[in-house]
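In what follows, a single structure is set out as structure tokens and then discussed.
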Amino acid sequence: MARMSKKKKIEMLDVARDEERNRIIKLLTEDDNFTPSLEPLIDNYLDAFIIYKTMFEEWKADGFAPTKTHKNKAGAVNEMKHPLAQQVETWNDKKNKMLEALGMTNKGKSVQKTPKSNGNTVSNEPKDELAAHREKWRKSK
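Note that this note's numbering has the sequence shown beginning at 19, numbered continuously upward.
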């Protein structure tokens, strides 16, 4: 993979930022949640997105190595979590918190669950639990 110049990287990040901004605004507009007062939150999210994307690309260039070896003062070689992997994880969490602040997660939305019907229907009659327990243990003798 050829190395890119700083100018080219910055141009690519600017394009990615604009695309992500348009995507976020489009999603918020479709849900009728977009207001101009969300602009500062969107800008904060985009900053976190760019940092995340930069760290992710660097980690990708390293081959997504999960660990990195480190030699301490005593000369022992230890494996530690790759610093870029840790940064990607941290910035992904921050990015998700900002999306939540924008109201773009399912956390606050109520999800309608459909009951499963696989042949086992439960009767609506109240059952005497004590009687059922006694019956269960009396049959086992």
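For glycine and all other residues, C-beta sits at the position ideal for the given N, C-alpha and C.
Remember, predicted model here, so these are calculated numbers, not experimental data.
**Request:** Could you tell me which of Thr72, Lys78, His100 and Asn96 sits nearest to Pro84, measuring between CA atoms?
**Result:** Locating residue 84 in the sequence shown gives position 66, where the first residue counts as 1. It is His100.
**Item:** As assigned by DSSP and simplified to three states, the class of Met22
**Value:** Looking up residue 22 in the sequence shown gives position 4. Looking at Met22 - three-state DSSP - the assignment turns out to be coil, as it is neither helix nor strand.
**Asked** Counting along the chain, where does the beta strand (DSSP E) carrying Asn96 start and finish?
**Response** On the sequence shown, position 78 is the one that residue 96 refers to. It spans Val95 to Lys99 - the beta strand (DSSP E) in which Asn96 sits, taken as one unbroken run.
**Message:** So if DSSP puts His88 in a beta bridge, which residue, or which two residues, is it bridged to?
**Reply:** For the purposes of this step, residue 88 is taken as the residue at position 70 of the sequence shown. According to DSSP, His88 bridges with Asn96.
**Segment contact, 8 Å Cβ cut-off, at least three pairs: the region 89-99 with the region 49-61** = no
**Prompt:** Candidates Thr72, Phe67, Lys112 and Thr108: which alpha carbon is nearest Met22's?
**Reply:** As a working mapping, residue 22 is identified with position 4 in the sequence shown. Per the Cα distances, Thr72.
**Request:** Grab me the residues of Gly62's own chain with a C-beta within less than 8 Å of its C-beta, minus the 5 sequence neighbours each way, in chain order.
**Result:** Counting from one through the sequence shown, the residue named residue 62 turns up at place 44. Going by the sequence as given, residue 62 is Asn instead of Gly. If we look at Asn62 and ignore the five residues flanking it on each side, its Cβ neighbours are Met116.
**Item:** Cβ-Cβ distance between Tyr70 and Val106 below 8 Å
**Value:** One-based indexing of the sequence shown puts residue 70 at position 52. One-based indexing of the sequence shown puts residue 106 at position 88. Going by C-beta atoms, Tyr70 is nearer than 8 Å to Val106.
**Item:** Span of the alpha helix (DSSP H), counted from its first residue to its last, around Asp61
**Value:** To locate residue 61, count along the sequence shown from 1; it is residue 43. Start and end: Glu57 to Ala79.
**Neighbour-count burial assignment, Ile42, 16 or more Cβ in a 10 Å radius** = The count along the sequence shown starts at 1 and reaches residue 42 at position 24. Ile42 comes out buried.
**Message:** Applying the 10 Å Cβ sphere with the 16-neighbour rule, what's the burial state of Lys27?
**Reply:** Your numbering for residue 27 matches position 9 in the sequence shown. The residue is exposed, with fewer than 16 neighbouring Cβ atoms inside 10 Å.
**Prompt:** For Asp146, which three-state DSSP category applies?
**Reply:** One-based indexing of the sequence shown puts residue 146 at position 128. Looking at Asp146 - three-state DSSP - the assignment turns out to be coil, as it is neither helix nor strand.
**Message:** Classify Met19: buried if its beta carbon has 16 or more other beta carbons within 10 angstroms, exposed otherwise.
**Reply:** Taking the first residue of the sequence shown as position 1, residue 19 is located at position 1. Unreliable positioning characterises Met19 in this predicted model, as indicated by a pLDDT of 47, which lies under 50. A coordinate reading is not provided.
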